[in-house]
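One structure is given here, and the rest of the page talks about it.
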């Protein structure tokens, strides 16, 4: 888990509290941490208030972390990298992606030791019209296409969905159908400053994607070109993360929060669909049901496994983590009294 | 040449050297030269724009320095994280 005060690695058996196995980057904001399932390599995106944003990696938690090279904007420009939001394994040996602020994608072809900026996205002609939201201008979601390194979808807050079919040499917007209620009606049709909060691809049906928007939950069945709103049936259409069951392309899980204050509305509930968003059901057994106003950030909800044994975990900025070992039917407390949680990833 | 003292992470990134000599006329020149001489330090003190990172302080002979502060031979330079907390 990435927290505002360092990396925490927890371990335990689903159903009871986990223990802290180790900590790293003590005191520094760790915005994201993950393990590459292909190599076992661990990555942490650390935004030191002193030394700047950086990706670190280690092949063994007992070893020292190494700073990766090349995670930076071109030298001599007018901007500097502010933060790394996400790190994702690619669909080729050694290929790893990282997304960051200001709206940038980095690629590594040596398992994350060295990185290069994706120039085509950096040099997008529309970039001057991209808008920062309260969290920055961030590439926070990277969705590879299983088995095809040429195809990739990105989500940028607030510059919408971007698609490539040639390995990142060219990019096209994929925003049709997304409605930005926060813009004047006349501006919505041509808006590109779209505040996507999180995007996920269904691996069993790669042309299907789900996204949580800044007001709205959407599904695409054509690889991200067009979108339909599937938020009907949710108590609030606002939220940040979205998680899928890899085995079921009709599945999605979201955590609705109120639009006004962006926290749960006093009770904490995960909502699940198993029919691609036609209906939603609350999954709240074991979650706080009174006086609970949690903020769950976009990288703080994750899944591992699949089907009936799908494990789900989410953390809040209150320092609490909740887990489910039965696809959301029941929940248990994983940990509490931790620093504000920025990301949760099963490793 | 001025002598730069490196501590903690910067010392590690410079290959374990706790002091290095750098020939430069100003603080900005010194930091750029330091990064050029020790590639592991690239991006740690100056950002991509060439600006000193916001919460890093440079001292020349114990006095807080600005990017255009002049450096003389035999000056002693320290590069330290700012006080944090609150």
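Residue numbers (this note's numbering), protein chains in the order written: chain F, 477 to 823; chain U, 4 to 89. Think of the CB as a built atom: it goes at the ideal place given N, C-alpha and C, for glycine as much as any other residue. Since we're looking at a predicted model, the values are computed, not measured.
Minimum Cβ-Cβ distance from residue i to chain F less than 9 Å
i             : result
residue 85(U) : yes
residue 34(U) : no
residue 12(U) : yes
Expected contact under 8 Å - CB spacing of residue i and residue j to nearest Å
i              : j              : result
residue 531(F) : residue 588(F) : 7 Å
residue 85(U)  : residue 29(U)  : Going by Cβ atoms, the distance from residue 85(U) to residue 29(U) rounds to 20 Å, so no, they are not a contact pair.
residue 592(F) : residue 546(F) : 6 Å
residue 516(F) : residue 504(F) : In fact, because the Cβ distance is near 23 Å, the residues do not count as touching under 8 Å.
residue 486(F) : residue 497(F) : 6 Å
residue 548(F) : residue 562(F) : Incorrect: roughly 17 Å between the Cβ atoms, too far for contact.
residue 514(F) : residue 565(F) : 6 Å
residue 620(F) : residue 538(F) : Not a contact, Cβ separation roughly 30 Å.
residue 779(F) : residue 820(F) : At roughly 10 Å, the Cβ-Cβ gap does not stay under 8 Å, so residue 779(F) and residue 820(F) are not in contact.
residue 617(F) : residue 674(F) : 5 Å
residue 680(F) : residue 722(F) : 7 Å
residue 622(F) : residue 682(F) : 6 Å
residue 669(F) : residue 738(F) : Between residue 738(F) and residue 669(F) the Cβ distance is about 19 Å, and since that is not below 8 Å, they are no contact.
residue 709(F) : residue 748(F) : Contact doesn't hold; Cβ gap of about 11 Å is too wide.
Euclidean distance between Cα positions of residue i and residue j
i              : j              : result
residue 52(U)  : residue 44(U)  : 15 Å
residue 693(F) : residue 64(U)  : 58 Å
residue 509(F) : residue 70(U)  : 35 Å
residue 481(F) : residue 815(F) : 6 Å
residue 750(F) : residue 638(F) : 26 Å
residue 677(F) : residue 685(F) : 4 Å
residue 14(U)  : residue 577(F) : 28 Å
residue 640(F) : residue 652(F) : 16 Å
residue 824(F) : residue 590(F) : The question about residue 824(F) has no answer here: the residues shown for chain F are numbered 477 through 823.
residue 757(F) : residue 47(U)  : 48 Å
residue 511(F) : residue 518(F) : 4 Å
residue 666(F) : residue 655(F) : 10 Å
residue 754(F) : residue 699(F) : 19 Å
residue 704(F) : residue 818(F) : 29 Å
residue 20(U)  : residue 7(U)   : 10 Å
residue 785(F) : residue 37(U)  : 54 Å
residue 824(F) : residue 39(U)  : With chain F running from 477 to 823 in the structure shown, residue 824(F) is simply not present.
residue 615(F) : residue 595(F) : 14 Å
Beta-carbon gap between residue i and residue j smaller than 9 Å
i              : j              : result
residue 79(U)  : residue 5(U)   : yes
residue 760(F) : residue 746(F) : yes
residue 732(F) : residue 714(F) : yes
residue 782(F) : residue 822(F) : no
residue 672(F) : residue 636(F) : yes
residue 541(F) : residue 520(F) : yes
residue 806(F) : residue 800(F) : yes
residue 523(F) : residue 560(F) : yes
residue 767(F) : residue 742(F) : yes
residue 478(F) : residue 506(F) : yes
residue 31(U)  : residue 55(U)  : yes
residue 774(F) : residue 688(F) : yes
residue 60(U)  : residue 83(U)  : yes
residue 752(F) : residue 797(F) : no
Interface flag, residue i vs chain B, CB-CB below 9 Å
i             : result
residue 18(U) : This model lacks chain B altogether, as its protein chains are F and U.
Within-9 Å CB hit, residue i to chain U
i              : result
residue 466(F) : Beyond the ends of chain F as shown, which are 477 and 823, falls residue 466(F); an answer cannot be given.
residue 577(F) : no
residue 507(F) : no
residue 555(F) : yes
residue 543(F) : yes
residue 551(F) : yes
For the region 607-624 of chain F, enumerate the residues whose C-beta is nearer than 9 Å to any C-beta of chain U, in chain order. none
If contact means a Cβ-Cβ distance below 7 Å, which residues of the region 55-81 of chain U contact chain F? 56, 58 and 59
What residues in the region 35-52 of chain U have a beta carbon less than 7 Å from any beta carbon of chain F? 46, 47, 50, 51 and 52
Against chain U, which members of the region 523-536 of chain F pass a CB distance test of less than 9 Å? 524, 525, 526, 527, 528 and 530
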